[in-house]
Structure formats: structure tokens, C-alpha cells
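Number of protein chains: 2
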Amino acid sequence: MKLSNMVGDRFKERPSDCVIDSHAFSVRGGYIKYVSNGIYSLYPPMKRVTAKIENIIREEMDAAGSQEVLFPVVLPGSLWEESGRFESVGEELLRFKDRNNSSMVLGMTHEEAAVHMVREWGNTYAKYPFSIYQIQTKFRDEARPRAGLIRVREFTMKDAYSFHTSQEDLEKYYAVMANSYFRIFERAGIPEVVSVKSDSGMIGGSVSHEYMLLVDAGEDSIVFCDECGYSANMEAADTTVDNSGCTPIGELTKVNTPDCKTIEEVCNFLHSKVEESCKAVIYQTNQTDEYIVVFLRGDYEVNETKLTNLLGDKVHAATITEECGLCAGFCGPYKQEAKCRIIYDKSLEGLENMVCGANEVDYHYTGLNIKRDIGDVEYVDVAKIRTGDICPVCGKKSIRISRGIEVGNIFQLGTKYTKSMGMTYTDVDGSVKTPIMGCYGIGVGRLAASVMEAKHDDYGPIWPISIAPWQVHLCCMRSDKAECKEAADKIYNDLLKAGVEVIYDDRNVQAGVMFADADLLGVPVRVTIGPKNIANGQIEISTRDKSVKELVNVDDANAEIKKLIDKLFDEINSKVRDRI
Amino acid sequence: MKLSNMVGDRFKERPSDCVIDSHAFSVRGGYIKYVSNGIYSLYPPMKRVTAKIENIIREEMDAAGSQEVLFPVVLPGSLWEESGRFESVGEELLRFKDRNNSSMVLGMTHEEAAVHMVREWGNTYAKYPFSIYQIQTKFRDEARPRAGLIRVREFTMKDAYSFHTSQEDLEKYYAVMANSYFRIFERAGIPEVVSVKSDSGMIGGSVSHEYMLLVDAGEDSIVFCDECGYSANMEAADTTVDNSGCTPIGELTKVNTPDCKTIEEVCNFLHSKVEESCKAVIYQTNQTDEYIVVFLRGDYEVNETKLTNLLGDKVHAATITEECGLCAGFCGPYKQEAKCRIIYDKSLEGLENMVCGANEVDYHYTGLNIKRDIGDVEYVDVAKIRTGDICPVCGKKSIRISRGIEVGNIFQLGTKYTKSMGMTYTDVDGSVKTPIMGCYGIGVGRLAASVMEAKHDDYGPIWPISIAPWQVHLCCMRSDKAECKEAADKIYNDLLKAGVEVIYDDRNVQAGVMFADADLLGVPVRVTIGPKNIANGQIEISTRDKSVKELVNVDDANAEIKKLIDKLFDEINSKVRDRI
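Respectively, the protein sequence lines represent chains W and D.
Each residue of the first sequence is one higher than the last, beginning at 1 in my numbering.
Each residue of the second sequence is one higher than the last, beginning at 1001 in my numbering.
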């Protein structure tokens, strides 16, 4: 393709609304066009990148024995009522009525459609296991779309669904898919992706893993233990707190703490340790507005996903009214008389002598001992794990937290959908059973943007050759000079004939403009034809990552370019492994 | 792929709701799964057929210099307000509100999105012409989805949009696209597709063509003149009526016509010719309910699309109330005093002495002469052309009407969208101008179903090899016998290694079941391995269309199969031409 003809503008200024680099390059490089909040059109370079990612995914899914199908974008609400999700999923499920006043939804994931497709076919054990997948547009009415293609409302996603007659068989296939996922990310040029245990959220099921690309701009926090290799999403990581060595039991005493608004101010004022304080965080549940008071160690924060999973309902920050009986800023467990649900986090377990709120303005207690002063309570884990915390597996104080983008996820769903939707099969002994499901997702556009986020310099993306929009970026400097133009035209046509994907910049523009555009397009191999070199019968071949820059004879150009392309592919493919 | 593992059931009984064969085979062959009215999931065989069609389209669009992009399925209503279509398009445009109460629509076509994508980029004449296309899911809330994938609500469509600085340039590219379209249909195995002049409908523009596959089950009527080669969609064909030789002028006389309800009954009763009668068809407009009375020759019917185009509004059959003043069954132009709009069809032009209603129950006039009795009226063409009518081009009475399925369409849009949406460019002389657009659509699923409709026998589709779900259907009869199973396994693996697409039926089922399934899957090359032949070291190779059936030695099997595949491809490719 000739760059002069390609739709989409490239420009220098970073748009003010772009917080992360990949978003800025997506806009500046003419990859995406904003259409509406979280909705984008894709220009040719991004369409080409996503098409290549889709092909890699397709090859790996086919190799894993999954069959490609297609589910609709628009689904009848009745299908989601069968699974119960029509009611249970929040506003991110877009519901509407069609012209006949039938309730419809936009598919944000297709568990129901998958079960619907194979419900009758999969009626005997002999058909199992089997796996189906699609690559299709999805819509999720996100409250806060952001970061370009990283978090959008409309997106293309590969979603696969597997069906099994036993948990062992599901686990076996789950491992096959896990292997396919690593291969997909390796082939897409990001072998550094890690898999972490995750919270299953609204999809359901017990065991699930997320594939995380570790980048500072990621919106997820991932927990690692460098000692034993443990890893998990923040939400799925058990927080273990060691309170041995705390101050021994003391007397419960009410003290005046004027103007102390935070637990840090209180402890500072009382010369006590924040690690020996009990702070309160007050929420209300979304469905019933019930007050939820979480007590936890003063130096910990509540992980709201853990809390949501515990309560079976989402929460929001509480509105403290006079009627509710809670004393904001001074809320404590002792003589707490407000009508609310109280939750004790595990971080308090083992503390003997704490500072806590006295449920009275400007007063706290010192010397709180929960067992003595309140009695036996149940401790649950709703706290956010922190750097340096205790690894829940090896027990060492070795927790490290990194930021990452979730580029894929896999779930062991169990029978959540098959049971609710009445899918059964006859087993070998004639008994009627419910199949067990797994599901496996990858967002195509997010993966493209994530690679851009992980692989870029100050000037633009550095695409891995396997998913680059083109393999070669041909720059003809001084296309007004016949000798340059002719040489460039010839190389362009020769490369096309050889099946090489080339973007050809034949514009008569300044070198600065030409190279800035090439950097924004991030094509791995660059071929530059300029008047000085061409006078010596030479052209320049370089790589976007600057690791290669050499002059070659015009006559050798084709062969050298192809050699370089092969080398770049080899570098990627050498990292693609079979793990099972 | 092994047939035993493929999701989707095949069965013998024709479903009662399937009116046309392709719909019945789509269901019986496990190609599609009904999800909701006009919404289907695709099983692997149909997903494979549509993927191949998409690839053919993609290659031809790329070759025509169109750039692949992607527009969203969900579009902001504001974009459709810019073009005026948010208001003007009927209920088939699905409108809804998102969680923020913003007005959104499901894209049924993407002219607005295309202009939005290139509005800023295409700001100078130097960028023109250019063309963009996408292959994407669309939704059209059809009132009456029917015939399987032929008329659905959700569908995958290729839509291309070209932008030009002159009508001449548009026409040049329109011809390029017309050529690409013929190549696409030829490559898909239906070279018999014809292009006909069409009505532009809600897309807009002046010149447009439809690509029609002529099959009896088609829902469109296409007009042909075998004398001069003229062709047009029914809606776009001018109706020419020859009234020379009609009865000469007579006296206007009111006559009693008791119990005559139709114009045929009236003429029969009065012993006059229906060809010399003036009948009334009464409508109301959709927007204002204004009464529209169409007078036309008694033996013609109203073409409602022509009428809609004339009125600029759709119409529905009138509700005749007492207040409206129209006398149903006896409505005539003479002394017509009702408050209504009267339209005279051209079929009445030249008639001198007609029967018509007298606007009074049980009475008609004879001897009506419009010029004498009513005065000068304007005649317009709103009648349906009929077999044997006069060709509007060569003037011979040679009109033939066939049924067809529209498998593609191309439009010269003019400036309808660019003007309303404020897209301009600076011309070479510095003046600011509005670009001219063309648009070009092909429904992928409909094309697949249309090929099935055109190419089938009593037992299933006969897929052209270029879009067949697989190239080879390998039937292992008696897979319980080791010599059959081993030979089949070897051929299967050898063919896969050679890059041949094989569906392998290794089930231990009756020959009847196996062949019925193979017929339903319609794979062009069939390889049958049975105990008798294999004992002689032979296998059977045949084609789905029964033109080939031969025994070959097992050792030659691979080579012979590949030769046959090549031959089938050659047959298709020999019909692919460049016309420009």
C-alpha cells in the first residue's frame, strides 16, 4: 500500500485526553478514530494488526481442537433469563426492545449462546469433550471506558467454550487452552505474559486465570512472590498478616482525640502504632443500601472485590445520615449500636491492644481487645495485600506487586450455565448428567493496544513482525529525483511479488516528516532510499528497534530484506513452546 | 475435521417452517441454528463457507484498491442525525439508549461512519479518489425476516465506500467495482449473476445496480428484454403501455352495476374490456395518513415502491371511513369530491372510452374520457411492468420477468452524505468542494444461502469448490474393519499434510446415513473407502454433482484427488474475467 493514499492522519502533538502511551500512539498514528464514548473505528493499520492477531488466535484454537462458529451480537433477553444473568448482570449488559417489543441484549460474552447452540447436539457422552469458539464483536456498556482500545464498550473478542463429562477432563483441556494462550502471546511477540489466579467475577465458576502483560500503565494489580513463584490477581490473593510481637493486653480506656480525622492522625496523637489500630470503612450495599462496617488494621485497605464476593452484592461508599447511628470518623467495634452488618478483617486477628473509634465525636478507645471486649468474632479476608506482605503459599515476606493489563482469561465454569439452561447428556450407564464447562477469552483490540503499550519508544510502537501492520516500511527520500523513485518503485514491486507486505512512502515530504510517520507506524523493517546512497548503488536497511542499520547493494536488497524478515520471525518463533 | 466430533445435528425431515430449499438444507444440514426471529448462530460448515466468501471478497476489494477498515456495530444516534437518517429511516433502524441515556443505533449500513472516518483526512483534492471497506456484523430490524439466511435481522456484510472529486471519476470507479462484483460472484461459483438497474431506496443516490442470482425462490422480480438485453429491477423498470387501437370516444353514462366488486366483475357485467377500464387503488401515506387514490388501467397493478418514490413517503392500504368521502369499490375520477390526492398512472394515457367507478354504491360510468370529462391531467408511472409488456429501451413487446435474489448492490450516492455531514475538500484552484460518494454492498450470509439455493439437488447443496466448507468428504464405510480404517486414516492424514481441507466421516454408521450426511454437507469431492474396493486395493472418488465417479488405486489416491480438486477450481477460475 502507498502511504500517500492511506486514510487516517498522523500528527505530532499528544492529545490531552490520552493518559497512556498506547492510546496516544493509537490516535497520533492514525490507528483508531473516536466515534463515541468507548467506541472506535479502526483505520487500516489497526485493522491489519487485529486481523493478524485474529489469525494467530484462529490457528491456535484450531490446533487445540476447537471448532470455529459464530454467535449473534444481538441476543434475545429470554436466553439470558434462562441463565439468570438477565437479572444478575448490571448496567454493563445493554438491554433494549426490538420493533416487536421483544427484550434483546447486546452480547458481552456468549456462554448462553454456546449452551443454546449445542444443547440438543451434546445429548450423549460419546460427543464429549468438544470445544467451540468464535471471533466476534461484543458490547459491554462500561461505566468508564478509557485508555483507547484497552477498555472500550465495543470490542472484538475470541471466546471459546468447552464441554466435558468430568472435572478431570475439564482440567485436562484447561491445561491445553492454557498452553494455547501462552503460544498466542508468544506468537504475538509478548512472551513475557504471565498467568495469574484470578477472581471469576460475573462469569462465574471456581478456578480461573488471567493472562497479564506487565506494564506500568496497566489497570490491574498483580501479586507475585519471588521466593516461590506464586502469582495472583490482587482480588484473588489471600492477605496474611503477622501480628505476633504486638503490644500485650491493656486496659480499655476512652480518650479525647480532638481534630483527629484519620487513623494516622489518631495514632500520631496518641503515640501508638497504626499497626495496632482498628479502623472502620463504611459501605452500603447496592441492592438494599444496608450499612456494612468493615473493621481492619489501620494500615490496610479494603479490597472491594473481596468484599463484594463475600456479600454477594456490590457496595458503594456509605452516606452517613443522623438516623443510621454511625459516627463517621470515630466508628469502632466496642458498643457499636448502629443497625449495620459488621465485618472483621483477618488483619485484626491476633492483635491484643488496639486503638479504635469510640462511636462518639472526638473520642477513641485505647487498649481494645476484641476477644475480651466484644467476644468471639469471625475474621474474614477483605484486605488488599501489600508489597512486602507474607506470601500465602511459602509464608515468606516476599510479596511484590506489579501493574498489568489483562490480555486473556480462562475459567473453569462448572455447571453454572449447563444446569440453569437444562443441558444434559446420557452417560455410558444410561444416567442423565449435566456437562461441565470451561470458557476462554481474548480481547483482540486490547491485545493489540497492550502490545503497543509494552513495545514502544518515545516515537511510536515497535511492532513484533508477527502482528505488525506491514513487514517493510519503504521510505523513498527525494521521490522527485528519478533515480530514487525508480529504485524505490522497483524494490516495492519486487517485494510485493515476493509476497512481502510493504507500506511505501512515496510522498515528496521532508525526511523528518517521513521518519516520524514511519516511527508512528512502527513497522519492524525499514528500507530507506536516498540520493547519496543510491548514487553509490546502495540502500539502507534498518529495524524499528534500532538494533540493525546497514547499507546494502541495491542488487542484494530483496534478498537482504527477506533475510532480515526471516530473522525477526525466527526470534519470535524460537520463544513459542509447547508446555504440556 | 472429523464428522463425529463436529457440533450440529443433521436430519432427514424438512422443517415445516422452511419455504425454500436453501433454508431447509441450512437447518437440516447443521449449518445454522435459530436463536431469535431473523437471528442465527452459525455452525462450523456455514462459518467455513462464509469465511471463504469473505476471503474472496477481501481479495477482490484489495485488488480494486479499497482499504480494509472497521466501523462499529453500535453507533451514536447523533451521527445519523447529521445525515438526517435518524429521522427518515423507519423501524428497521434499531434505536436504543445506553446507560448514560445517550441515543444509539445498531449500524444497518455505514455511510455516516464512513464519512465520519475520512471527513478530516480527505480535506484536499490530492487525496482523491479513495475507497474503504469493512466486513462487519450489521443489524436491520426487518418486519418479516424469512427464508433462513436470505432475509435476516443480523447479518455479516461487506460494505465499501468510495470518494471522488467528479462524477466522471465516480463512474470510472463504479465500473471497477462492477467488475470486482462479477469476479466475486464468478469466484463464488455463480457466474450466472446478472446486474440490473435498481431503485436506490433509503440509501439514496441516483444510479444504482443490483446483482441478481436468478432462482425461482427469489423474492425480487427482475425485468428482462431478450431483444435488446435491457434488464432492471421491477421497481426501476419503466412501464410502457400501448393504448393505440382502443375503442373511440363515447358518451359518459352512469350505469347500475349491482354486486360487482372487482373491476373484472364490472367489465364482465358490462361486456367491456378490462383493458379499457380505469380502476382505483386507495392508500394512505404513513406520515400524515393523507388519502392517495391511484387510477390505473384495470389490468395493471400498482408498484408501491414507485409510488413511495413519487410521494417521498411510504404508503399503507387505506382505511375507508364514512368521513373520508371515498366510495370503496366504486371510486372513479369523475366528480371525485373526496379530500385526497389523485394520481393518474401512465397506463390510462391514450384511452378514450373507459369504464370507471361513479363514486356511488353499485354504479359505474361507461364512456369516460379523461381529457373531455376531467381535463388535462399529469400521467406518472406507478404501475408494475408485466410479462409481454413493451421494453422501455427497444420498444418491442418482449418483457420477461424472472425471480431472483439480490446478492449485491452498488450505488452512485452523489453528495447526499458528504453534503449533509459537512465533508469538504480544497480543490486544486483553492475552492472548497463537496466530494461525491459511491457505496457497494454484499451480504455474506445471504450470498452463501443464495449459492445453496442455486446449486442443489433433492438431497442437499452442491457447493462450488471455492466456497465449499471442505474440499474433500472422506467416507470410511465399515470403520470397524481395520483395513478400511487404516486406509482411510492414511488418506486423511496424507491429504491434511498436503493442505487439502477434509471432513472425515469415521463413524460406524449405515451407508445410508453416511451418504445422506455427505449430501447435506455438499462437499464437492467425495472419497469412499469400502471393504470390497479396498480388498482390491481401490477406493472410489466421485463428485457431489455426480459428474465423476471412478475407482482409483489406493497408491494413486492422493494424486488423483488433488487432480480432481484442481480441475474443479479450474472450471470456476476459467469463468473469472476482467471486463474493464
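C-beta atoms are modelled at their ideal positions from N, C-alpha and C, and glycine is treated no differently.
Original post:
When the cut-off is 7 Å and only beta carbons count, does Asp9(W) lie next to chain D?
Top reply: yes
Original post:
For the beta strand (DSSP E) that contains Arg403(W), what are its first and last residues?
Top reply: Ile399 to Gly414
Subject >> CA nearest to the CA of Met117(W), picked from Phe1025(D), Asn1179(D) and Gly1008(D) >> reply: Gly1008(D)
Original post:
Where does Gln538(W) sit, in a helix, a strand or coil, going by DSSP?
Top reply: strand
Subject >> N- and C-terminal bounds of the beta strand (DSSP E) containing Phe96(W) >> reply: Arg95 to Lys97
Original post:
Are there 16 or more other CB atoms within 10 angstroms of the CB of Asp427(W), so buried, or fewer, so exposed?
Top reply: exposed
Original post:
Between Tyr1181(D) and the rest of its own chain, which residues show a CB-CB distance below 7 Å, the 5 nearest in sequence each way excluded?
Top reply: Tyr1211, Gly1408 and Ile1410
Original post:
When DSSP labels each residue in this structure, what does Arg1028(D) get in the three-state scheme?
Top reply: helix
**OP:** Return the chain-ordered list of same chain residues with a C-beta closer than 7 Å to the C-beta of Phe163(W), the five sequence neighbours on each side being excluded.
**Re:** If we look at Phe163(W) and ignore the five residues flanking it on each side, its Cβ neighbours are Val118, Gly122, Tyr128, Pro129, Phe130, Pro435 and Met437.
Subject >> Coil, strand or helix - Met1229(D) by DSSP >> reply: Here the sequence assigns Gly to residue 1229(D), which means Met is not the residue at that position. Gly1229(D) falls in the coil class under three-state DSSP.
**OP:** Pick helix, strand or coil for Ile1385(D), following the three-state DSSP scheme.
**Re:** coil
Original post:
List, in order along the chain, the chain W residues whose C-beta lies closer than 8 Å to that of Arg1099(D)?
Top reply: Glu91, Glu92, Leu94, Asp141 and Ala143
Original post:
Would the segment 1317-1331 of chain D and the segment 1339-1355 of chain D be scored as touching if the rule is three or more Cβ pairs under 8 Å?
Top reply: yes
Original post:
Is the beta carbon of Gly1218(D) sitting closer than 7 Å to the one on Arg1403(D)?
Top reply: yes
Original post:
Alpha carbon to alpha carbon, how far is Val513(W) from Phe11(W)?
Top reply: If you take the alpha carbons of Val513(W) and Phe11(W), they lie about 9 Å apart.
Subject >> The alpha helix (DSSP H) enclosing Cys1484(D), as first and last residue numbers >> reply: Ala1482 to Lys1497
Subject >> Spatial distance of Asn1533(D) from Glu1550(D) (CA atoms) >> reply: 11 Å
Subject >> Reference Asp1159(D), options Val1073(D), Ser1016(D) and Val1194(D), closest by Cα >> reply: Nearest to Asp1159(D) by C-alpha distance, out of Val1073(D), Ser1016(D) and Val1194(D), is Val1073(D).
Original post:
Does Phe71(W) get closer than 7 Å to chain D when you measure Cβ to Cβ?
Top reply: yes
**OP:** Please name the residue, chosen from Glu251(W), Ala454(W) and Lys563(W), that lies closest to Leu495(W) on a Cα-to-Cα basis.
**Re:** Lys563(W)
**OP:** Check whether the Cβ of Met452(W) lies closer than 7 Å to any Cβ atom in chain D.
**Re:** no
Original post:
Applying a beta-carbon distance threshold of less than 8 Å, which residues of chain W neighbour Ala1113(D)?
Top reply: Per Cβ cutoff of 8 Å: Val35 and Ser41.
Original post:
Curious, which full-length beta strand (DSSP E) runs of at least 3 residues does the segment 1438-1486 of chain D contain?
Top reply: 1472-1476
**OP:** Pull up the distance between the alpha-carbon of Glu486(W) and that of Gln1067(D), whole angstroms please.
**Re:** 25 Å
Original post:
Quick one: does Gln510(W) have its CB under 7 Å from some CB of chain D?
Top reply: Chain D contact via Cβ: absent.
**OP:** Using the DSSP secondary-structure output, state which residues sit across from Asp505(W) in a beta bridge.
**Re:** Cys475(W)
Subject >> Residues bridged to Pro76(W) (per DSSP) >> reply: Met104(W)
Original post:
What is the rounded straight-line gap between the Cα of Lys371(W) and the Cα of Glu276(W)?
Top reply: Spanning the two alpha carbons is a distance of roughly 15 Å.
Original post:
Roughly how many angstroms separate the alpha carbons of Gly1038(D) and Glu540(W), rounded to a whole number?
Top reply: 56 Å
Original post:
Closer than 7 Å, Cβ to any Cβ of chain W: which residues of the segment 1428-1455 of chain D, in chain order?
Top reply: The segment 1428-1455 of chain D vs chain W, Cβ under 7 Å: nothing.
Original post:
Helix, strand or coil: how does DSSP classify Gly1522(D) here?
Top reply: coil
Original post:
From Asn1359(D) to Glu1290(D), what distance separates their C-alpha atoms?
Top reply: 19 Å
Original post:
Considering only the beta carbon of each residue, do Arg507(W) and Gly522(W) sit closer than 7 Å?
Top reply: no
Subject >> Proximity winner among Val1255(D), Ser1103(D) and Asp1062(D), relative to Trp1080(D) (alpha-carbon distances) >> reply: From the listed residues Val1255(D), Ser1103(D) and Asp1062(D), the smallest Cα separation to Trp1080(D) is found for Ser1103(D).
Original post:
According to DSSP, which residues form a beta bridge with Ala317(W)?
Top reply: BP columns for Ala317(W) point to Tyr283(W).
Original post:
When you compare only the Cα positions, how much space is there between Ile1249(D) and Ala1232(D)?
Top reply: 36 Å
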